[in-house]
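Once you know that position 271 of the sequence shown is 562 in this note's numbering, the rest is easy, because the numbers rise by one and skip nothing. Worksheet: one structure, shown below.
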Amino acid sequence: MGFDSIHGQRLLKEALQRSLAGGETGHAYLFSGPSGSGKRTLALLFAQALNCRGADPPCAQCLSCRKSESGNHPDLFRLVPQGASLKIEQMRDIKESLYYLPMEGQYKICILEDADLLTAPAANSLLKILEEPPARLVFILLTARPWALLPTVLSRCTHFTLKPLQPQELAALLEQGEEMLSAEQEIIFLLSGGNPGQALALAQQGDWRDKFVEARALLHTVEHGSAEGIFPLAEDLSTRTDLPALLEIVLFICRDRLMHTLEGCAGAAMLKEREEPCSATNISDPNLLALFQERICNALLQLQGELRGSVNRRLALEVLFLQMRGAI
Ligand SMILES: [Zn+2]
């Protein structure tokens, strides 16, 4: 256990461990990152470590660590939004006790989840404490939107941003679960953007596998079906809310094809079983084929950007499919 249980975030963990070893604990920390990035886990480990009595904090074995983990440590407070906000009443409930010395541990620790949802009175109450913080009190603020915090609160926090995991870091995390092909890990990395929470959820749900099968079927229809068939397909797909996720996998397959053409590489294990060459374009020269495949990848990337705006989806998909068939 300990900080090693968190994958990636090497620099962040080293900084926290240095401050723990040097006894240079600040009064307020801010951990920011999107949902699923691991900031709550990190905050709980840091809180554990601050009051750990073991040799290598957090040891997860000592009484203090066990109490922190089970949520029964009298010096550890956690505030989560009630409804849509963190309210002044919640701050008032704990404010007085924050000024007393810790009951059992070295520090009193208060974790504020979704700190960007502090109401203005609650944020001001926090600010008052941070302006003249009692000794041995540590706040850990968590947020996915650091820019939404009061600048005066932000300036009093030591701010750490959780980074997306690198492919090999995510692979190490996924290998703790069920057995998985490296190509599957690669697809999960692509879809989750290196977000560990999302990656684990995808691995457990397995619905990306259905999308992968669908993406291949889509390519087959466009490349081998009749030209007329692309219009109802575009219309059908244009209303789908999961269109960006589906196109992400189409792009993954197209990139893999391009890599295969450029390097003659075997490609990802999952994609070894390659499709017939596109019967609509029928390009056999490898140089021309690479140019064409690169153009399709670029068209997919452009469409992904356009989908975030107010593009006519049906029309954009029709154009993409015609490009895939080499018709335009
Ligand atoms: Zn411990």
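Ideal Cβ positions, reconstructed from N, Cα and C, are used throughout, including at glycine. All of these numbers come straight from a predicted model, not from anything done at the bench.
> Any idea if Leu302 is buried or exposed, counting beta-carbon neighbours within 10 angstroms, 16 or more meaning buried?
Replying inline: Counting the other CB atoms within 10 Å of its CB gives Leu302 a total below 16, which places it among the exposed residues.
> Helix, strand or coil: how does DSSP classify Thr434 here?
Replying inline: strand
> Can we count Gln397 as close to ligand 1, meaning its CB is less than 7 Å from some heavy atom?
Replying inline: no
> Straight-line CA distance for Ser310 to Ala340?
Replying inline: 11 Å
> Expressed to the nearest angstrom, what Euclidean distance is found between the alpha-carbon atoms of Ala439 and Lys378?
Replying inline: 16 Å
> What is the DSSP secondary structure of Thr530, counted as helix, strand or coil?
Replying inline: coil
> Nearest-angstrom Cα distance between Thr512 and Pro487?
Replying inline: 34 Å
> With a Cβ-Cβ cutoff of 8 Å, do Leu509 and Thr552 count as a contact?
Replying inline: For the pair Leu509 and Thr552, the CB atoms are not nearer than the 8 Å cut-off.
> Leu613: which of Ala306, Asn363 and Cys569 sits nearest, CA to CA?
Replying inline: Cys569
>> Here's a check: name, in chain order, each residue in its chain whose Cβ is nearer than 7 Å to the Cβ of Met382, leaving out the five neighbours to either side.
In response: Ala413, Ser416 and Leu417
>> Is there a C-beta anywhere in chain B that falls below 8 Å from the one on Gly484?
In response: No chain B is part of this structure, which consists of one protein chain only.
>> Mapping the DSSP letters down to three states, classify Ala618 as helix, strand or coil.
In response: coil
> For Gly293 versus Ala351, is the C-beta distance shorter than 8 Å?
Replying inline: Yes. Within cutoff.
>> Measuring only the C-alpha atoms, how far is Ala435 from Ala346?
In response: 33 Å
>> Any residue with its C-beta under 5 Å from a non-hydrogen atom of ligand 1 counts. Can you list them all in chain order?
In response: For ligand 1, residues qualifying as neighbours are Cys343, Gly345, Cys350, Cys353 and Cys356, where qualification means a beta carbon closer than 5 Å to at least one of its heavy atoms (chain order).
> Should the region 471-482 be called in touch with the region 444-451, which here means at least 3 C-beta pairs below 8 Å?
Replying inline: no
>> On the DSSP letters alone, give me the boundaries of the alpha helix (DSSP H) that Cys588 sits inside.
In response: Start and end: Pro577 to Leu598.
> For the candidate residues Val504, Gly520, Ala571 and Thr316, whose alpha-carbon lies nearest to that of Phe543?
Replying inline: Closest by alpha carbon: Val504.
> For Pro372, which option in Pro325, Ala406, Leu591 and Arg344 has the closest C-alpha, if you only look at C-alpha atoms?
Replying inline: Ala406
> Which same chain residues, not among the five before or five after Leu606, have their C-beta less than 6 Å away from its C-beta?
Replying inline: none
> Which runs of the beta strand (DSSP E) fall wholly inside the region 375-406 and span at least 3 residues, in chain order?
Replying inline: 399-403
> So who's on the other strand from Arg369, going by DSSP bridges?
Replying inline: Ile402
> Based on the DSSP output, what are the partners of Leu409 in its beta bridges?
Replying inline: Note: Leu409 sits in a beta bridge opposite Leu377.
> Excluding five sequence neighbours on each side, which residues of the same chain lie with their C-beta closer than 6 Å to the C-beta of Leu307?
Replying inline: Phe337
> When DSSP labels each residue in this structure, what does Ala334 get in the three-state scheme?
Replying inline: The three-state reading of DSSP puts Ala334 in helix, counting H, G and I together.
> Just how far apart, CA to CA, sit Arg531 and Ile431?
Replying inline: 40 Å
> So does the region 362-376 actually touch the region 388-402, counting three or more Cβ pairs closer than 8 Å?
Replying inline: yes
> Can at least three beta-carbon pairs, one atom from the region 586-603 and one from the region 534-549, be found at a separation below 8 Å?
Replying inline: yes
> Whose CA, out of Leu433, Thr572 and Ser483, lies closest to the CA of Thr452?
Replying inline: Leu433
>> Once DSSP output is grouped into helix, strand and coil, what is the label at Ser361?
In response: coil
>> According to DSSP, His450 sits in a beta bridge with which residue or residues?
In response: Leu321
> Using DSSP with H/G/I as helix, E/B as strand and the rest coil, what is Val602?
Replying inline: coil
>> Taking the straight line between their C-alpha atoms, what separation do you get for Arg500 and Gln467?
In response: Those two C-alpha atoms are separated by around 19 Å.
>> Suppose contacts are defined by Cβ-Cβ distances below 8 Å. Is Gly324 in contact with Leu456 by that definition?
In response: no
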